[in-house]
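Under our numbering, the very last position in the sequence shown is 397; numbers go up by exactly one each time. Note that beta-carbon positions come from the ideal geometry of N, C-alpha and C, so glycine has one too. Have a look at the structure below, then the notes.
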Amino acid sequence: MLSQRLVSELNRQINYELYSAYLYTAMETYFLDRGLEGFANFFKVQTQEELAHARIFFQYIYRKNGRVTLDAIDKPEANFTSILDVFEKALAHEKFVTSRIYKLVDIAIEEREHATNSFLRWFVDEQVEEEESFQGLVDRLNLMGDKPSNLFMIDAELAQRVFTLPAPLAPTGPAQ
222 MLSQRLVSEL NRQINYELYS AYLYTAMETY FLDRGLEGFA NFFKVQTQEE
272 LAHARIFFQY IYRKNGRVTL DAIDKPEANF TSILDVFEKA LAHEKFVTSR
322 IYKLVDIAIE EREHATNSFL RWFVDEQVEE EESFQGLVDR LNLMGDKPSN
372 LFMIDAELAQ RVFTLPAPLA PTGPAQ
């Protein structure tokens with residue numbers, strides 16, 4: 222059985238994941254307002270991923286006989302000065318989420334909660350991918366500058382991104 226401390230921190234992570242979805246929706250809006258559908262699509266998919274992450278934590282808490290509690294979600298920042306600014310803020314946010322996942326791992330190790338530590342490994346790997354993705358886009362935007370032809374090339378590329386259901390949520394057999 223999970224300790225109250227761990228359940229509380231896992232619930233807090235649900236809130237952070239939902240906040241992430243809210244933040245990425247604000248970023249999607251920034252790009253839709255500027256007619257950059259590909260950039261908007263990138264953040265739409267990002268929003269879907271964050272909602273899926275919240276669901277994974279939700280299901281895990283119940284699988285371990287914990288109780289999910291939902292808190293208010295803070296209003297996300299929505300004042301962005303440029304495309305680069307959006308991606309730099311998204312990268313900073315992902316680094317914050319990584320620090321939260323590491324905190325959960327530290328608590329699981331401290332409490333010798335091996336099942337939770339194993340569960341969190343997927344999120345550790347996911348955060349490596351998230352940070353690499355955002356860092357790569359920040360680097361490309363810095364390198365290419367804000368020339369419209371460069372931005373439209375990236376926009377077209379990001380328009381191809383599609384949401385894939387994370388492995389922990391993939392169906393494993395017939396519904397019961």
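Distance, residue j Cα to residue i Cα
{"i": "residue 328", "j": "residue 391", "result": "27 Å"}
{"i": "residue 387", "j": "residue 273", "result": "7 Å"}
{"i": "residue 373", "j": "residue 259", "result": "9 Å"}
{"i": "residue 241", "j": "residue 223", "result": "25 Å"}
{"i": "residue 261", "j": "residue 235", "result": "24 Å"}
{"i": "residue 337", "j": "residue 256", "result": "43 Å"}
{"i": "residue 231", "j": "residue 368", "result": "43 Å"}
Integer Cβ distance of residue i from residue j, believed to fall under 8 Å
{"i": "residue 278", "j": "residue 264", "result": "The pair is not a contact, with the Cβ atoms about 21 Å apart (cut-off 8 Å)."}
{"i": "residue 237", "j": "residue 321", "result": "6 Å"}
{"i": "residue 281", "j": "residue 340", "result": "6 Å"}
{"i": "residue 315", "j": "residue 247", "result": "About 15 Å separates the two Cβ atoms, so there is no contact after all."}
{"i": "residue 308", "j": "residue 379", "result": "Between residue 379 and residue 308 the Cβ distance is about 11 Å, and since that is not below 8 Å, they are no contact."}
Assigned exposure category for residue i - 16 Cβ within 10 Å defines buried
{"i": "residue 310", "result": "buried"}
{"i": "residue 407", "result": "No answer is possible for residue 407: the residues shown for the chain start at 222 and end at 397."}
{"i": "residue 304", "result": "buried"}
{"i": "residue 267", "result": "buried"}
{"i": "residue 353", "result": "exposed"}
{"i": "residue 275", "result": "buried"}
Cutoff 8 Å: residue i Cβ touching any chain C Cβ
{"i": "residue 248", "result": "Although the question refers to chain C, the structure presented lacks it and comprises just one protein chain."}
Any chance you could list the alpha helix (DSSP H) runs of at least 4 consecutive residues sitting entirely within the stretch 262-348, in chain order?
Here the runs fully enclosed are 304-331.
Every unbroken alpha helix (DSSP H) inside the stretch 348-388 [4 residues or more]:
With a minimum length of 4 residues, the continuous alpha helix (DSSP H) runs that stay inside the stretch 348-388 are 369-379.
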